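Respectively, the protein sequence lines represent chains V and D. For the first sequence, the positions run 4 to 280 when the working numbering is used. For the second sequence, the positions run 138 to 455 when the working numbering is used. Only one structure is covered here, and it is reproduced in the block below.
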Amino acid sequence: MSTREKIGWGIGGVLIIVYCLFPIAWIVSLSFKSSSDISNGAFLPTIATDENYATILTGDAAELFLPALRNSFGICLIATALACLLSMFAAYAIARLDFPGKKLILSTALAVAIFPVISIVTPLFNLWREIGLYDTWIGLILPYLSLTLPISIWTLSAFFREIPWEMEQAAQVDGATPWQAFRKVIVPLAAPGVFTTAIIAFFLAWNDFVYGISLTSTSASRPVPAALGLFQGASQFESPTGPIAAAAVIVTIPVVVLVLIFQRRIVAGLTNGAVKG
Amino acid sequence: MTSTLERPAAPSGPPPAPGQTPTRSARAEGWVRRAPLLPALVFTIIVTQIPFLLTIFYSLQSWNLVRPGSQQWVWFDNYVSVFQDSQFRGVALNTVIMTLGSVLIAVVLGLVLALLLNRHFIGRGIVRTLLVTPFLITPVAAALLWKTTLLDPTYGLINFVLSPFGVGEEAWISDFPLASVMVALIWQWTPFMMLLLLAGLQSMPTDQIEAARMDGAGAWAIFKELTLPHLRRFIELGTVLGAIYLVNTFDAVYMITQGGPGTASANLPFYIYQRAFLGFDIGQSAAMGVVVVVMTIIVATFALRLVFRSFGAAEGSN
Numbered sequence: 004m005s006t007r008e009k010i011g012w013g014i015g016g017v018l019i020i021v022y023c024l025f026p027i028a029w030i031v032s033l034s035f036k037s038s039s040d041i042s043n044g045a046f047l048p049t050i051a052t053d054e055n056y057a058t059i060l061t062g063d064a065a066e067l068f069l070p071a072l073r074n075s076f077g078i079c080l081i082a083t084a085l086a087c088l089l090s091m092f093a094a095y096a097i098a099r100l101d102f103p104g105k106k107l108i109l110s111t112a113l114a115v116a117i118f119p120v121i122s123i124v125t126p127l128f129n130l131w132r133e134i135g136l137y138d139t140w141i142g143l144i145l146p147y148l149s150l151t152l153p154i155s156i157w158t159l160s161a162f163f164r165e166i167p168w169e170m171e172q173a174a175q176v177d178g179a180t181p182w183q184a185f186r187k188v189i190v191p192l193a194a195p196g197v198f199t200t201a202i203i204a205f206f207l208a209w210n211d212f213v214y215g216i217s218l219t220s221t222s223a224s225r226p227v228p229a230a231l232g233l234f235q236g237a238s239q240f241e242s243p244t245g246p247i248a249a250a251a252v253i254v255t256i257p258v259v260v261l262v263l264i265f266q267r268r269i270v271a272g273l274t275n276g277a278v279k280g
Numbered sequence: 138m139t140s141t142l143e144r145p146a147a148p149s150g151p152p153p154a155p156g157q158t159p160t161r162s163a164r165a166e167g168w169v170r171r172a173p174l175l176p177a178l179v180f181t182i183i184v185t186q187i188p189f190l191l192t193i194f195y196s197l198q199s200w201n202l203v204r205p206g207s208q209q210w211v212w213f214d215n216y217v218s219v220f221q222d223s224q225f226r227g228v229a230l231n232t233v234i235m236t237l238g239s240v241l242i243a244v245v246l247g248l249v250l251a252l253l254l255n256r257h258f259i260g261r262g263i264v265r266t267l268l269v270t271p272f273l274i275t276p277v278a279a280a281l282l283w284k285t286t287l288l289d290p291t292y293g294l295i296n297f298v299l300s301p302f303g304v305g306e307e308a309w310i311s312d313f314p315l316a317s318v319m320v321a322l323i324w325q326w327t328p329f330m331m332l333l334l335l336a337g338l339q340s341m342p343t344d345q346i347e348a349a350r351m352d353g354a355g356a357w358a359i360f361k362e363l364t365l366p367h368l369r370r371f372i373e374l375g376t377v378l379g380a381i382y383l384v385n386t387f388d389a390v391y392m393i394t395q396g397g398p399g400t401a402s403a404n405l406p407f408y409i410y411q412r413a414f415l416g417f418d419i420g421q422s423a424a425m426g427v428v429v430v431v432m433t434i435i436v437a438t439f440a441l442r443l444v445f446r447s448f449g450a451a452e453g454s455n
């Protein structure tokens, strides 16, 4: 490759990386700026301050933000656990057992996955108010399951298809009971796939906004994205940029940390599920 | 509803080992095999389809929540007024522009990034990890980030960066509302496309490229004749997946522009939400919801068939 080409690629690369990452660096920097610093346009804060984080975690906005964090964690973890459990059985059946209608089931899951959420939110809102699920944890967990289950089934059945199932029989030949063979041989092999699925499911539930804003009304169950939305709406004329930046950083951290730790697996999971589906 | 939640307890015993019960009739056997599937499937169908049936039911009624007792059957009146509503048509057009525009630009940028990351250079792993971050940011937070810190006329980074070029206090969000939303969407989805296309690039046999290079093919010729055809199905897949998700974009519109000014940047999900939760017009919004579902099904059927065909063909030829 000629030097000119190399330089061209280099410049292109740097530009794109700046485009992807600079906004993130900027919001992190903003979250540490004091209110007098916010609009000065400088990249680094003159004095790093934690006042924005203090506003969010102990100050004025804590009432809105802290319960939301608790709700989001609780609701998303429960929804993720249930989605994994249910999709494990489904994926096992799809990968392992032969029966007519397998393809139909996978396409049904796909059809549900692309079903426009917005067209079922209004009836859910009415229904939940009728049966007392409005503004409760269960009222969000149920729709989150419908959000996470189809993808979980797809990802997990792609993983389960890769498992060398003969090993289960080999273990049984060696004297293990079917249950032992499943637990001691298959479970360890399946664990990475389940784990990846769990992260993807958590990611989907954590990022939801439509359900969060339509099916809740108080801090009893309002998740973080909805709280962020209100946080901004309440002060439309003088936007509290610093605290918003801090809140955005806090909301994003759990997901980014999870994904960065397990990135390889997730990338493999996403591409497996998508390509081999 | 809660009873569905407890269902998974039932089949959680040892998994039905295949071929263990030859005495049972084949039919019963089939159902035993399907049993592990049922909880997940039944649950998803209940949670999504019962509300959808309700949506269809609502769409045949005139029903405004702020006028109690206004609920009555009007059959297809709502659909007629939806199709006569010029705002609805404008919003539908916005949705198409927003979805296709964002997906296509994200695919192109993602392709450039993937090509870049497919080369060996120092720190490639770190760069790749960092580049994925925009995709991981909670969409609401990303939208806020673009609205309050990048596109803002006075504090915004973009105006700050462009100020040497004579751009003053440009109010991006009110002057270019649709483009502002799209920029945020593109920014979030580029890494996803990159990951997918990178997987495609890495699955490409290198010997072909070597042979082409030996024969004196230039970089552009190799890209056009070998890389692009190989990537075609990955590009298709990325486009379809991206489009399916982006058609339902709600958070970015809600956070950045609230669909405004007027309905200049509203897309269908936001418009439906607005009609239902701010206008309380349940009947009309339900009718729009049904229209959106039908359109999604039509588009998705064609798009997915395309993708499955090209993946199927590729697998057959391997």
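Glycine included, every Cβ here is placed at the ideal spot set by N, Cα and C. Computed from a predicted structure; not experimentally measured.
Less than 8 Å separating the beta-carbons of residue 143 of chain V and residue 220 of chain V? Within the first sequence, numbered from 1, the residue matching residue 143 of chain V stands at position 140. Within the first sequence, numbered from 1, the residue matching residue 220 of chain V stands at position 217. Not in contact: residue 143 of chain V and residue 220 of chain V (Cβ atoms no closer than 8 Å).
What does residue 201 of chain D touch in chain V if you count any residue whose Cβ is under 7 Å from its own? Stepping through the second sequence from its first residue, residue 201 of chain D is reached at position 64. Within chain V, no residue comes near residue 201 of chain D; the closest Cβ sits about 13 Å away, beyond 7 Å.
Taking 8 Å as the threshold (beta carbon to beta carbon), is residue 58 of chain V in contact with chain D? The sequence position of residue 58 of chain V within the first sequence is 55, counting from 1. No - not a single Cβ of chain D is within 8 Å of the one on residue 58 of chain V.
Pair every Cβ in the stretch 319-331 of chain D with every Cβ in the stretch 273-293 of chain D, then say whether three or more of these pairs are closer than 8 Å. As far as the Cβ criterion goes, the stretch 319-331 of chain D touches the stretch 273-293 of chain D, which means the pair count is three or higher.
Between residue 121 of chain V and chain D, is any beta-carbon pair separated by less than 8 Å? To locate residue 121 of chain V, count along the first sequence from 1; it is residue 118. So yes, residue 121 of chain V belongs to the interface.
Within chain D, partners of residue 213 of chain V - CB distance below 7 Å: As a working mapping, residue 213 of chain V is identified with position 210 in the first sequence. Contact note: residue 213 of chain V reaches chain D through 387, using a C-beta cutoff of 7 Å and chain order.
Considering only residues of the same chain and omitting the five flanking positions on each side of residue 156 of chain V, which have a CB-CB separation below 7 Å? Numbered from its first residue, the first sequence carries residue 156 of chain V at position 153. 90, 93, 94 and 112, listed in sequence order.
Proximal residues of chain D, C-beta to C-beta of residue 244 of chain V below 9 Å: Within the first sequence, residue 244 of chain V is the residue found at index 241, counting from 1. Within 9 Å Cβ-Cβ: 285, 286, 289 and 292.
Relative to the C-alpha of residue 417 of chain D, which residue among D:184, D:188, D:174 and D:195 is closest? Residue numbering aside, residue 417 of chain D sits at position 280 when the second sequence is read from its first letter. Per the Cα distances, D:195.
Between the stretch 205-235 of chain D and chain V, which residues of the former have a C-beta closer than 7 Å to a C-beta of the latter? Result list empty, no residue passes.
In three-state terms, what does DSSP make of residue 279 of chain V? Mapped onto the first sequence, residue 279 of chain V falls at position 276. Its pLDDT being 47, under 50, residue 279 of chain V is placed unreliably in this model, and the value from its coordinates should be taken loosely. Looking at residue 279 of chain V - three-state DSSP - the assignment turns out to be helix.
Below 8 Å, can you find three or more Cβ-Cβ pairs linking the stretch 114-134 of chain V to the stretch 176-195 of chain D? The stretch 114-134 of chain V is in contact with the stretch 176-195 of chain D.
Between V:35, V:264 and V:217, which lies nearest to residue 138 of chain V when the distance is taken from Cα to Cα? For the purposes of this step, residue 138 of chain V is identified with residue 135 of the first sequence, where counting begins at 1. Sorting V:35, V:264 and V:217 by C-alpha distance to the C-alpha of residue 138 of chain V places V:217 at the top.
Using a C-beta cutoff of 8 Å, does residue 513 of chain D count as contacting chain V? Examination of residue 513 of chain D is not possible in this model, given that chain D is present from 138 through 455 alone.
Hey, could you find the ends of the alpha helix (DSSP H) residue 16 of chain V is sitting in? In the first sequence, the residue the question calls residue 16 of chain V occupies position 13. That run of the alpha helix (DSSP H) goes 6-34.
Would you list the one or two residues that DSSP bridges to residue 324 of chain D? Position 187 of the second sequence, counted from the start, is the residue given in the question as residue 324 of chain D. According to DSSP, which records beta bridges pairwise, residue 324 of chain D is partnered with nothing at all.
With 8 Å set as the bound, which would you pick, yes or no: does the beta-carbon of residue 167 of chain V sit closer than that to a beta-carbon of chain D? Here residue 167 of chain V is taken as the residue at index 164 of the first sequence, counted from 1. Taking CB atoms only, residue 167 of chain V has no neighbour in chain D less than 8 Å away.
Are the beta-carbon atoms belonging to residue 425 of chain D and residue 412 of chain D less than 8 Å from one another? As a working note, residue 425 of chain D is residue 288 in the second sequence. As a working note, residue 412 of chain D is residue 275 in the second sequence. Their beta carbons are under 8 Å apart, which means residue 425 of chain D touches residue 412 of chain D by this criterion.
Measure from the alpha carbon of residue 101 of chain V to the alpha carbon of each residue in D:406, D:334, D:174 and D:315, then state which is nearest. In the first sequence, residue 101 of chain V corresponds to position 98, counting from 1. Ranking the options by Cα distance to residue 101 of chain V, first place goes to D:174.
DSSP three-state label for residue 199 of chain D, please. Residue mapping note: residue 199 of chain D aligns to position 62 of the second sequence, counting from 1. Note: residue 199 of chain D maps to strand in three-state DSSP.
What's the gap between the Cα of residue 12 of chain V and the Cα of residue 264 of chain V? Here the question's residue 12 of chain V lines up with position 9 in the first sequence. Here the question's residue 264 of chain V lines up with position 261 in the first sequence. Taking the straight line joining both Cα atoms gives about 29 Å.
Using 8 Å for Cβ pairs, my map puts residue 246 of chain V next to residue 19 of chain V. What's the rounded Cβ distance? Position 243 of the first sequence holds residue 246 of chain V. Position 16 of the first sequence holds residue 19 of chain V. Wrong, their Cβ atoms sit about 31 Å apart, outside the cutoff.
Under 8 Å, do residue 327 of chain D and residue 243 of chain D count as touching if we go by C-beta distance? As a working mapping, residue 327 of chain D is identified with position 190 in the second sequence. As a working mapping, residue 243 of chain D is identified with position 106 in the second sequence. Taking 8 Å as the Cβ cut-off, residue 327 of chain D and residue 243 of chain D qualify as a contacting pair.
Taking any Cβ of chain V, which residues in the stretch 350-374 of chain D have a Cβ under 9 Å from it, in chain order? Answer set for the stretch 350-374 of chain D: 356, 370, 371 and 374.
Does DSSP put residue 182 of chain V in a helix, a strand or coil? Translated into the one-based positions of the first sequence, residue 182 of chain V becomes position 179. DSSP places residue 182 of chain V in helix when its eight states are reduced to three.
Give the residues of chain V in contact with residue 249 of chain D, contact being defined as C-beta atoms less than 8 Å apart. Residue numbering aside, residue 249 of chain D sits at position 112 when the second sequence is read from its first letter. 15 and 19, listed in chain order.
Can you tell which of V:244, V:180, V:115 and V:6 has the C-alpha that lies nearest to the C-alpha of residue 187 of chain D? Sequence index remark: in the second sequence, residue 187 of chain D carries index 50 (1-based). Here the closest residue by C-alpha is V:115.
Listed from N- to C-terminal order along the chain, which residues in the stretch 87-98 of chain V have their beta-carbon within a distance smaller than 8 Å of any beta-carbon of chain D? Listed in sequence order: 88, 89, 90, 92, 93, 95, 96 and 97.
Does the Cβ of residue 189 of chain D lie closer than 7 Å to at least one heavy atom of the ligand FMN? Only the bare structure without any ligand can be found here, which leaves the ligand FMN out of the picture.
Helix, strand or coil for residue 67 of chain V, going by three-state DSSP, please let me know. Taking the first sequence and counting its residues from 1, the one referred to as residue 67 of chain V is at position 64. Per DSSP, reduced to three states, the secondary structure at residue 67 of chain V is helical.
Taking Cβ-Cβ distances shorter than 8 Å, what residues in chain V pair up with residue 426 of chain D? Your numbering for residue 426 of chain D matches position 289 in the second sequence. Correct list: 119, 121, 122, 123 and 125.
At the 8 Å Cβ level, is residue 326 of chain D part of the contact set with chain V, yes or no? Stepping through the second sequence from its first residue, residue 326 of chain D is reached at position 189. By this cut-off, residue 326 of chain D is not an interface position.
For the alpha helix (DSSP H) holding residue 271 of chain D, just list the boundary residues, first then last. For the purposes of this step, residue 271 of chain D is identified with residue 134 of the second sequence, where counting begins at 1. Residues 261-273.
Would the beta-carbon of residue 394 of chain D fall within 8 Å of that of residue 274 of chain D? The residue you call residue 394 of chain D lines up with position 257 of the second sequence. The residue you call residue 274 of chain D lines up with position 137 of the second sequence. Contact: no.
Using a C-beta cutoff of 8 Å, does residue 31 of chain V count as contacting chain D? Along the first sequence, one-based indexing puts residue 31 of chain V at 28. Cβ-Cβ to chain D under 8 Å: no for residue 31 of chain V.
Per-residue contacts from residue 197 of chain V into chain D (C-beta, under 9 Å): Here residue 197 of chain V refers to the residue found at position 194 when the first sequence is read from its first residue. Contacts between residue 197 of chain V and chain D, judged by CB atoms closer than 9 Å, are missing: the closest CB pair is about 14 Å apart.
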